[in-house]
Amino acid sequence: MGVLSNLSPKAVFDYFEALCAVPHGSGNTKAISDLCVAFARDLGLRYRQDELNNVVIWKDASPGYENAPVVMLQGHMDMVCAKAPDCKKDMAREGLDVRTDGEWVWADGTTLGGDDGIAVAMILAILADDTLSHGPIEAVFTVDEETGMYGAAGLNCSDLKAEMLLNLDSEAEGVFTVGCAGGMRADCRMNAAATDAEGDAFTLTLSGLTGGHSGTEIDKGRLSANEGILRVLCAAAEQFPGLRLAAMEGGKVDNAICLHAAATVVVPHSAAADFPHFVAAWQDTLQNEFAVTEPGLSLTCAAAAADKALTAADTLRILRCFFALPQGVQAMSRDVPGLVQTSLNMGVLRLDDRGAEASFSIRSGVESQKQWLLRKLETILALSGGTVTTHGDYPGWQFRRQSPLRDALTAAYRQQTGREPFIETIHAGLECGLFIGKMPRLDAVSIGPDLRHIHTCQERLGVASVARLYDLVCRTLELLK
Numbered sequence: 016m017g018v019l020s021n022l023s024p025k026a027v028f029d030y031f032e033a034l035c036a037v038p039h040g041s042g043n044t045k046a047i048s049d050l051c052v053a054f055a056r057d058l059g060l061r062y063r064q065d066e067l068n069n070v071v072i073w074k075d076a077s078p079g080y081e082n083a084p085v086v087m088l089q090g091h092m093d094m095v096c097a098k099a100p101d102c103k104k105d106m107a108r109e110g111l112d113v114r115t116d117g118e119w120v121w122a123d124g125t126t127l128g129g130d131d132g133i134a135v136a137m138i139l140a141i142l143a144d145d146t147l148s149h150g151p152i153e154a155v156f157t158v159d160e161e162t163g164m165y166g167a168a169g170l171n172c173s174d175l176k177a178e179m180l181l182n183l184d185s186e187a188e189g190v191f192t193v194g195c196a197g198g199m200r201a202d203c204r205m206n207a208a209a210t211d212a213e214g215d216a217f218t219l220t221l222s223g224l225t226g227g228h229s230g231t232e233i234d235k236g237r238l239s240a241n242e243g244i245l246r247v248l249c250a251a252a253e254q255f256p257g258l259r260l261a262a263m264e265g266g267k268v269d270n271a272i273c274l275h276a277a278a279t280v281v282v283p284h285s286a287a288a289d290f291p292h293f294v295a296a297w298q299d300t301l302q303n304e305f306a307v308t309e310p311g312l313s314l315t316c317a318a319a320a321a322d323k324a325l326t327a328a329d330t331l332r333i334l335r336c337f338f339a340l341p342q343g344v345q346a347m348s349r350d351v352p353g354l355v356q357t358s359l360n361m362g363v364l365r366l367d368d369r370g371a372e373a374s375f376s377i378r379s380g381v382e383s384q385k386q387w388l389l390r391k392l393e394t395i396l397a398l399s400g401g402t403v404t405t406h407g408d409y410p411g412w413q414f415r416r417q418s419p420l421r422d423a424l425t426a427a428y429r430q431q432t433g434r435e436p437f438i439e440t441i442h443a444g445l446e447c448g449l450f451i452g453k454m455p456r457l458d459a460v461s462i463g464p465d466l467r468h469i470h471t472c473q474e475r476l477g478v479a480s481v482a483r484l485y486d487l488v489c490r491t492l493e494l495l496k
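Heads up: the sequence shown begins at 16 in the working numbering, then just goes up one per residue.
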């Protein structure tokens with residue numbers, strides 16, 4: 016018996032638990048893609064699996080719904096893999112340890128992947144249930160959404176006939192998303208070579224931060240560990256001439272606010288006694304500045320070993336350049352009060368044998384401002400002898416004034432709750448823009464159950480909201496006759 020077997024809707028949570036048992040981080044989606052193919056084959060449904068591991072499954076209309084509009088039900092198969100510092104799980108090879116208290120579902124020590132595994136589970140449950148009333152369904156499961164929407168970008172849509180797209184990749188019940196920002200990943204590279212190191216080595220670790228999603232939570236005032244560690248390192252390099260950078264690592268993906276970063280530096284022997292006190296003073300500074308948003312913030316300094324390090328000149332050049340790069344909200348919308356219009360997030364920071372690299376998620380609801388931020392990064396890097404490369408550029412999704420799908424969802428939501436939904440455009444990126452770019456007449460809405468703290472080890476999925484959302488989707492399909 017599964018851990019989630021007593022939850023309702025049973026079929027949805029059974030499928031979700033089966034998905035959680037299969038490793039499916041971005042770039043590691045073959046197994047979960049094959050699971051969806053096996054599901055379609057077992058039910059005798061027509062399917063297509065492409066070379067990227069995207070999967071499309073078709074289901075015919077139920078009796079009486081043959082002339083209903085074709086609806087695409089869509090979610091992505093990949094998840095952000097993050098784990099607690101003391102978690103030993105190999106998320107590339109092992110499934111998740113799901114837990115529940117009946118109210119919430121989570122994974123022990125890791126992200127849950129409710130973003131967007133619960134969407135896949137709901138769609139599978141709909142495809143398997145022959146008692147539901149619905150028109151023709153095209154179920155589309157994409158890969159690598161979290162790292163740049165590469166699955167949706169590479170999907171051949173020539174055989175898709177959908178008139179409506181119901182994306183199940185949102186995180187708040189009762190909220191209908193009808194527009195989103197476009198974005199891209201920008202990798203900022205500074206080349207440098209390490210040489211033999213002489214001096215005393217220390218490892219600085221910034222941890223205990225809140226983190227979060229770089230789109231929906233970029234305006235919450237949370238500290239990025241990458242930004243914080245660079246601030247301390249840059250000050251240290253100026254305070255202790257001759258400081259050399261030996262190691263640096265923070266974050267795993269560009270679209271998560273980094274919650275843990277570490278760096279190893281080598282300082283002259285004459286500075287060894289003062290350096291730990293310098294770091295302790297910086298912990299006090301950061302704890303004071305971020306007392307509200309980062310109550311668990313910790314900056315530690317421990318003796319370490321380092322045989323190789325960058326030269327002092329390269330260290331200062333790289334730290335000053337990366338410290339100067341913008342981070343966080345850059346512009347607010349003048350049309351929608353409270354909506355972030357343009358932002359960027361340094362999600363990944365690392366030092367390798369070729370030098371240093373910082374990876375950003377750039378987002379904007381205005382294409383020209385997205386390009387403005389990219390140009391700003393390119394200018395700063397050029398002045399410092401670095402380069403910028405981009406990946407996964409995806410378009411935004413513009414609000415549609417006339418939307419039969421939104422009308423049907425709203426009617427179903429009124430039937431279900433007696434209330435009006437909240438209709439919004441968001442700063443986070445969704446795959447809807449890519450699908451609309453390929454199928455311009457698509458009428459799209461994105462919805463989802465209650466998900467908390469996605470992309471972090473504190474991720475939680477609301478059980479009751481899953482049941483209500485599943486019922487809402489089924490009601491809507493029935494109304495679209």
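Even glycine gets a Cβ: it sits at the ideal position worked out from N, Cα and C.
Nonlocal neighbours in the same chain, by C-beta distance under 6 Å from residue i, ignoring five residues either side
i: G257; result: P283 and A327
i: A240; result: L221, L224, G265, C273, L274, H275 and A276
i: S480; result: E188, P464 and D465
i: G166; result: L67, N69, T157, V158 and D159
i: V268; result: V95 and G362
i: G128; result: M94
i: A320; result: A216
i: T231; result: A443
Check whether residue i and residue j have beta carbons under 8 Å apart
i: T126; j: H470; result: yes
i: G353; j: Y409; result: no
i: L147; j: S77; result: yes
i: G42; j: D159; result: yes
i: L142; j: L245; result: no
i: D202; j: S313; result: no
i: F19; j: E32; result: Reading the sequence as shown, one finds Leu at residue 19 and not Phe. A contact, by the Cβ cut-off of 8 Å.
i: V120; j: V403; result: no
i: L34; j: I47; result: yes
i: A136; j: L88; result: no
i: K74; j: I133; result: no
i: A216; j: L248; result: no
i: C172; j: K496; result: no
i: P24; j: Y428; result: no
i: L340; j: L424; result: no
i: M263; j: L366; result: yes
i: V71; j: G150; result: no
i: S229; j: S461; result: no
i: D322; j: D211; result: yes
i: D145; j: A26; result: no
Cutoff 8 Å; reference residue i; Cβ partners in own chain excluding five residues on either side
i: D458; result: E178, M179, L180, R415, S418, P419, L420 and R421
i: G380; result: G194, C195, A196, G197, S348, L354, Q356, T357, G411, T440 and H442
i: A168; result: G407, Y409 and L449
i: E435; result: T425, Y428 and R429
i: A55; result: R61, Y62, V70, I72 and L142
Per-residue burial, residue i [other beta carbons within 10 Å of its own, 16 or more giving buried]
i: L398; result: exposed
i: M92; result: buried
i: P38; result: buried
i: F508; result: In the structure as shown, the chain starts at 16 and stops at 496, and residue 508 therefore has no counterpart that could be examined.
i: D184; result: buried
i: N82; result: exposed
i: E213; result: exposed
i: A426; result: exposed
i: V113; result: buried
i: T394; result: exposed
i: N182; result: buried
i: N270; result: buried
8 Å contact criterion, which residue i and residue j should meet: CB distance rounded
i: N360; j: Q342; result: 7 Å
i: A324; j: A209; result: 6 Å
i: R259; j: T330; result: 5 Å
i: I333; j: A371; result: 5 Å
i: T308; j: L219; result: T308 to L219, Cβ: 21 Å. No contact.
i: A36; j: G110; result: 4 Å
i: H468; j: G227; result: 7 Å
i: K98; j: C472; result: 6 Å
i: D65; j: L170; result: 7 Å
Residues near residue i by beta carbon distance below 7 Å, same chain, minus five either side
i: A286; result: F255
i: R108; result: P38
i: E118; result: V478
i: C102; result: G124 and T125
i: G401; result: C203, R204, M205 and C336
i: R490; result: A427, Q430 and Q431
Short CB-CB distance (under 8 Å) between residue i and chain D
i: A97; result: Given the protein chain composition of this structure (a single chain), no chain D is represented.
- Would you call the stretch 287 to 295 and the stretch 372 to 389 in contact, with 3 or more CB pairs under 8 Å? no
- Could you tell me whether the stretch 424 to 443 touches the stretch 191 to 202, where touching means 3 or more Cβ pairs closer than 8 Å? yes
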